[in-house]
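Below is one structure, written out as C-alpha cells; comments come after it.
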Amino acid sequence: MTMVEQSQGLHEDAVDLGGRGSVSDYIALLKPRVMSLVVFTAAVGLVMAPGNQHPFLSFISILCIAIGGGASGALNMWWDADIDAVMSRTKKRPIPAGKITRAEAFAFGMVLSFGSVLTLGLVANWFAAALLAFTIFFYVVIYTMWLKRSTPQNIVIGGAAGALPPMVGWAAVTGDVSLVSIALFMITFTWTPPHFWALALVKNGDYQDAGVPMLPVVAGETATRHQIVLYSLLLLPVGMSPYLLGFATEVFGVGSAVLGLIFLGYAVRVWRIREGEPAKKAAMSLFKFSLFYLMLIFAGLLAENVMGLV
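Here our numbering is used: the first residue of the sequence shown is 54, the next is one more, and so on.
So this is what it looks like as C-alpha cells:
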C-alpha cells in the first residue's frame with residue numbers, strides 16, 4: 054500500500070468523527086495567502102476598468118471574488134486531502150491534521166462558491182458572476198481533479214484559473230472583457246509556470262512521494278530549469294505589455310523591464326546551479342522574488358491609475 058493510499062484510508066475513517074475545527078482552521082481552508090493575491094490582482098482590474106461603480110458595490114465585488122477564490126481553495130483541499138497528508142508543505146492543513154473533515158470542507162466550499170457567484174451577479178452583473186463561476190470550476194474541476202494528477206503541464210494550463218481574477222474585477226465594472234483585462238490575465242498566466250516550478254524543484258521529493266506528475270518528477274530537474282528560463286524570457290515582454298499597448302506610462306515600462314530582467318537573472322541562476330543545497334536555495338530565491346515581481350507589477354498599474362497618470 055502506498056503512502057497516499059494509507060493516508061486516504063485514514064481520512065475516510067476521520068470523516069465520520071465530526072470536525073473540531075476552529076474559526077482559524079476554516080480560514081486556513083481558504084488559503085489566505087493565495088486569496089490575498091487574488092484580491093489584489095482583482096482590485097487592480099476593477100480600478101483600471103472604465104466607468105463608475107459605487108465604492109460600496111466595488112468593495113462587495115472584490116469581497117465576492119475573494120470568497121470565490123477561498124471557496125476554490127477549500128474545494129482543492131477537500132479533493133487533495135490524501136496527497137496533502139503526504140507532502141511536508143501541506144500535511145499541517147486542517148484536513149490532514151484532523152481538525153476538519155473532508156465532508157465539512159466540501160460543504161463549506163460549495164456554500165461559499167454559490168454565495169459568492171450569486172452575490173456578485175446581484176451587486177455587479179451576471180457576466181462577471183459567470184466569469185467567477187468559471188474561475189472556480191476551472192480551478193477545482195479542470196486543474197485539481199483532472200490536470201494536477203494527469204499531466205506535467207498541469208500548472209501551465211491550470212494557471213489560467215489564478216490569472217482570471219483581474220478579468221473578473223474588470224468585468225464587475227464593465228460587464229465585458231477587453232485588451233487591457235486580457236493583458237492583465239496574460240501577465241499572471243505567463244508568470245505562474247516559472248513561479249511554481251521553482252517551488253517544485255525545492256519540493257520535488259514531496260511530489261514524487263505523492264505521485265503528482267509535476268514537471269521535475271516527469272521530465273527531470275534539468276528540463277524544468279530550461280522551461281523556467283524560457284518562460285522567464287517570455288515574461289519580460291508580457292510584463293511590459295501594459296506600456297507596449299499604451300495603457301501604462303514610460304515609468305512603468307522601464308520599471309517592468311528592470312523587474313523582468315531581474316526575474317530572468319534569478320531564472321538563469323537556477324539554470325546554472327544544479328547540485329545540492331545551493332540549487333535549492335537558488336530555486337527558493339526565484340520563488341520568493343517571483344511573488345515580489347507580481348506584486349510590484351500590479352502595484353505599479355494600480356498607482357498610475359489612482360494618480361490619474363494614464
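Where is the CB? At the ideal position from N, CA and C, for every residue including glycine.
| Item | Value |
| --- | --- |
| DSSP three-state assignment for MET56, whether helix, strand or coil | With a pLDDT of 48 at MET56, under the threshold of 50, the modelled position of this residue cannot be trusted; read the value that follows with caution. In the structure shown, MET56 sits in a helix (DSSP, three-state: H, G or I). |
| For SER97, the first and last residue of its enclosing alpha helix (DSSP H) | In the sequence as presented, Ser is not what sits at residue 97; that position holds Val. Unbroken alpha helix (DSSP H) run through VAL97: 85 to 101. |
| Buried/exposed call for GLU157, threshold 16 Cβ in 10 Å | buried |
| ALA216, DSSP secondary structure in three states | helix |
| Inside the region 270 to 344 only - alpha helix (DSSP H) runs reaching at least 4 residues | 274 to 297 and 303 to 325 |
| In chain order, each beta strand (DSSP E) run of at least 3 residues that lies wholly inside the region 127 to 187 | none |
| Same chain only: Cβ atoms within 7 Å of ALA320, ignoring 5 sequence neighbours per side | PRO247, ILE281, VAL282, SER285 and LEU339 |
| Whether VAL91 touches PRO218 by CB criterion (8 Å) | yes |
| Contact the region 187 to 202 vs the region 232 to 245: 3+ CB pairs below 8 Å | no |
| Where SER75 sits in the DSSP three-state scheme | coil |
| Segment contact, 8 Å Cβ cut-off, at least three pairs: the region 134 to 152 with the region 93 to 107 | no |
| 6 Å Cβ shell around LEU365 - same chain, five flanking residues per side excluded | Nothing can be reported for residue 365, as the shown portion of the chain is limited to 54 through 363. |
| The region 263 to 271 touching the region 303 to 310, judged by at least three CB pairs closer than 8 Å | no |
| Stretch pair the region 214 to 230 + the region 313 to 331: three plus CB contacts closer than 8 Å | no |
| Own chain, CB closer than 6 Å to THR188, minus 5 neighbours either side, in chain order | ALA214 and LEU217 |
| Whole-angstrom distance between ALA119 and ILE235, CA atom to CA atom | 20 Å |
| Enclosing alpha helix (DSSP H) for SER234 [first to last residue] | 232 to 255 |
| Identity of the residue in GLY123, GLY353 and LEU317 nearest LEU287 by Cα | LEU317 |
| 8 Å Cβ cutoff met for GLY313 and LEU347 | no |
| Rounded straight-line distance, which links the Cα of THR277 to that of LEU362 | 40 Å |
| Spatially closest choice to GLY126 from SER111, ALA96, PHE167 and LEU83, by CA coordinates | LEU83 |
| 6 Å Cβ shell around LYS201 - same chain, five flanking residues per side excluded | ASN207 |
| Test item: CB-CB of LEU184 and CYS117 under 8 Å | no |
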